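Engineer: What follows is a structure written as structure tokens; I'll ask about it next.
Residue numbers (the numbering used here), protein chains in the order written: chain A, 753 to 1167; chain B, 753 to 1167.
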């Protein structure tokens, strides 16, 4: 049996005008997918009652079993969602005196005087119900109409998440008997999407039709997601997982939700090694990714951003003669930076970048995008050069991801 | 005359399954809105040819003048966009030998051997054209059909942006005679959204109805956007811009699209000052934001991430006695780090952070989220403490933004 379908409707002119990045669509899509729904589509509309009304009707008529909206439940004039939903569903909203009293109590408890527009938040559908908002004023509105469930959530992501966990998800679990789909994620680095697809093409060709493979490329590498409906025998699924694992083993840095920075920290910890970083063109971005990981401090000792050449000499011990002869963006300087930062911090592994992020500073021999990477470990130092395409920020991002990828490859090779 | 309408279609099961947050919808929505289009809707579909085909037809039939899609232009089996667009538009794709040769050349220039699937990227619509991708393989596909423009862009945000600026936007500008709406953005820091709204409420109450004000809060501060239709007399609009400018002057760090890091670099450059940074809990994030700005190198000399206490002593000259007595997260250490990093790099201004990002390491006196900031300038050193809410990454992000905000406030006060 195919999984029941759900759709998501996000409402707000700040979204269609690009003034704000949506954060609810992804959350709801992930939660619904994990429960076993298939998300048919996500639609984003401006605060405009004609568009909204037409969009809601279309989405209902598509026959999805669950339709969630987020946004437009406030008290200002552009908040239309509640009224338009009621109208489209042939229902009415009425002020609930008990909900109003509850909201008054909530405000009192937080030391806030009552608000003139508070009754706007106490509107309840006569044929639906209001789901309490544990951290804000606007409750969610919830309807069960025939086979369909419709729920209008407020806009702030923290409120959406609170209502989802406390009341909406439990209701959906009760109403639908869902089998969570099977899924497994492999994360690879050091191989392009196209080479990976060649590597696994024979296996992919024999994959049973109910097992779906998808590629998730990012700057750090390519993720492979394997998925199957929840009623597929687990052994069948695990057999494919295991075959794929063997095929991609040389490039596999993690399984599940683990970043490359985290995989590197885990590998260093396992080997009893410590880390220091010397960044020139990446200017702190590599350290920033490392430090995002909880527990980084037991492996990561510190880093230097040596933007000025004098800093490369004083803090990293790069030779002034070499800087003079070869220039800051050169193989020898990358090596000396990686080894120097190990000495400076007393670390066992050093990562170094030196390059030209642009937009200026390039030359025919060293065009913008030229980056030298150095990786020093107790077993030796390697250096590699890449010419990375894109504008300044893209070059920096690519160089940061590549530095992590190369570090992982070096650590893996030394296993 | 109402503005012409545009819609955006984002394609990828990784989006409808919530595995990836979209970054193209907002970019395209903002760019189209700024050009003078009204974005009618943004729709997100999975990689599924039936949904895609139906969705594309519906969106075309809605009569929008511009329809842009992003995603699904790779060479793997789940990349369906090009084929489905061609089918829906009654067109065909054919391998262009000249494009194929160009792509081979691109790979060669980057020292990469040819790819087995390269011809997939050389497919060109017979009744449309391919727009070159300056930083990736997949070109965009572009059609003009009757009154409508359809363009299929690849998925990676950097490629979407590069193609937009180099070829898609110029084409749209040529084809549509648009009146760009009037808009002006003020960027403030050091004041909350609610205090700002009180500060400007009298002015806001008398605003003519065709001038729209909206708030854009972020970690760095609050942006104020003023907007009016393109046919409003410019003097009327500029009068309101000027009044608002006066009201918020003490908090205004920039007008237009300028980040706080860029405003700080500009201010330092104007004063002939140089910058160095000492980061503990922010671990490179402040330097990373500074380095993202083109031309940072003439002001920014470098930074140290002193995760280990020994690095605070050796590289920044923090007193071991103070570290022992007060702990690393303390006012004196923040001051010594800021002053020390100025000495280390020979810089005139130093920014320092030391704090507990969590999830562990907190205590009753210094709970998780405690961060001390130090700012040293030629006129003296200040230190401030904040207790920031949220998980590890949120604390790091807030501390990074706050360090920049405090630096700007100190520089502004010293004017």
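Ideal Cβ placement from N, Cα and C applies to all residues, glycine included. Just so it is clear, the structure is predicted and the values come from calculations on it, not from any experiment.
1. Nearest chain A C-beta to residue 984(B) closer than 8 angstroms, yes or no?
2. If I measure Cβ to Cβ from residue 999(B) and keep anything under 7 angstroms in the same chain, skipping five residues before and after, which residues do I get?
3. Using DSSP's beta-bridge definition, name the partner residues of residue 900(A).
4. Give me, in chain order, the residues of the same chain whose beta-carbon lies closer than 7 angstroms to that of residue 941(B); leave out the 5 immediate sequence neighbours on both sides.
5. Does the structure place the segment 814-833 of chain A close enough to the segment 820-828 of chain B that three or more beta carbon pairs sit under 8 angstroms?
6. Taking the alpha-carbon of residue 943(B) as reference, which of 975(B), 1104(B), 962(B) has the nearest alpha-carbon?
7. Expressed to the nearest angstrom, what Euclidean distance is found between the alpha-carbon atoms of residue 806(B) and residue 832(B)?
8. What in chain A is Cβ-close to residue 795(B), meaning under 8 angstroms?
9. Check residue 762(A) in the structure and name its three-state DSSP category.
10. Between residue 906(B) and the ligand MN, is there a pair consisting of the residue's CB and a ligand heavy atom that are separated by less than 7 angstroms?
11. Indicate whether at least one CB of chain B lies closer than 8 angstroms to the CB of residue 771(A).
12. By DSSP's criteria, residue 936(A) is part of a beta bridge. Which residues make up the other side?
13. Within the same chain, show all residues whose beta-carbon is closer than 7 angstroms to that of residue 1070(B), passing over the 5 residues directly before and after it, in chain order.
14. Does any residue of chain A have a CB that is nearer than 8 angstroms to the CB of residue 828(B)?
15. Does the segment 1033-1043 of chain A come close enough to the segment 1035-1043 of chain B that 3 or more CB-CB pairs lie under 8 angstroms?
16. Within 10 angstroms of the Cβ of residue 853(B), are there 16 or more other Cβ atoms? Answer buried if so, exposed if not.
17. What residues are listed by DSSP as bridge partners for residue 819(B)?
18. For the segment 755-783 of chain A, which residues have a CB atom closer than 9 angstroms to at least one CB atom of chain B, in sequence order?
19. Which bits of chain A does residue 904(B) rub up against, with CB to CB less than 8 angstroms?
20. Residues of chain B with CB under 8 angstroms from residue 1141(A), in chain order?
21. Look at the alpha carbon of residue 862(B) and the alpha carbon of residue 1146(A), and state the distance between them as a whole number of angstroms.
22. Give the straight-line distance between the Cα atoms of residue 1174(A) and residue 891(B), rounded to the nearest whole angstrom.
23. Could you give the first and the last residue of the continuous beta strand (DSSP E) run that contains residue 805(B)?
24. Report all residues from its chain with a CB closer than 6 angstroms to the CB of residue 1052(B); omit the five preceding and five following residues, and keep chain order.
25. Within the same chain, show all residues whose beta-carbon is closer than 8 angstroms to that of residue 948(A), passing over the 5 residues directly before and after it, in chain order.
26. If you draw a straight line from the C-alpha of residue 1178(B) to the C-alpha of residue 1111(B), how long is it?
27. For a test of the three-state rule: what should DSSP assign to residue 840(A), helix, strand or coil?
28. I'd like to know if residue 1063(A) contacts chain B, where contact means its C-beta is closer than 8 angstroms to some C-beta of that chain.
29. Whole angstroms are fine: how far does the CA of residue 790(A) sit from the CA of residue 1100(B)?
30. On the criterion of 16 or more Cβ atoms from any shown chain inside 10 Å, does residue 1118(B) qualify as buried, or is it exposed?
31. If you follow the alpha helix (DSSP H) that residue 715(B) is part of, which residue opens it and which one closes it?
32. Report all residues from its chain with a CB closer than 7 angstroms to the CB of residue 982(A); omit the five preceding and five following residues, and keep chain order.
33. What would DSSP say about residue 965(A), mapped onto helix, strand or coil?
34. Rank 766(A), 756(A), 759(A), 755(A) by C-alpha distance to the C-alpha of residue 969(B) and give the top, closest one.
35. Count Cβ pairs between the segment 770-790 of chain A and the segment 907-917 of chain A that sit closer than 8 angstroms; are there 3 or more?
36. Should residue 986(A) be labelled buried (16 or more other beta-carbon atoms within 10 Å of its own) or exposed?
Structural biologist: Here's the rundown:
1. no
2. Answer for residue 999(B): 951, 952, 955, listed in chain order.
3. 897(A)
4. 972, 973, 1003, 1005, 1012, 1157, 1160
5. The segment 820-828 of chain B is not in contact with the segment 814-833 of chain A.
6. 975(B)
7. 14 angstroms
8. 793, 794, 795, 796
9. strand
10. The ligand MN is absent from the structure shown, which contains no ligand whatsoever.
11. yes
12. 978(A).
13. 1064, 1085, 1088, 1089, 1092
14. At least one chain A Cβ lies under 8 angstroms of residue 828(B).
15. yes
16. So residue 853(B) ends up on the exposed side.
17. 759(B), 902(B)
18. 760, 762, 765, 766, 767, 768, 769, 770, 771, 772, 773, 774, 775, 777, 778, 779, 780, 781, 782, 783
19. None at all; the shortest Cβ gap to chain A is about 18 angstroms.
20. 862, 886, 887, 888
21. 16 angstroms
22. As shown, chain A starts at 753 and ends at 1167. That puts residue 1174(A) outside it, with no answer to give.
23. Going by DSSP, residue 805(B) is part of no beta strand (DSSP E) but of the alpha helix (DSSP H) stretching over 801-813.
24. 1027, 1042
25. 940, 967, 974, 976, 1000, 1003
26. Nothing can be reported for residue 1178(B): it is not among the residues displayed for chain B, which extend from 753 to 1167.
27. helix
28. yes
29. 57 angstroms
30. buried
31. The shown model of chain B, from 753 to 1167, leaves out residue 715(B), and the question about it has no answer.
32. 788, 931, 932, 933, 934
33. Assigned with DSSP and collapsed to three states, residue 965(A) falls in strand.
34. 766(A)
35. yes
36. Exposed, since its Cβ has fewer than 16 Cβ neighbours within 10 Å.
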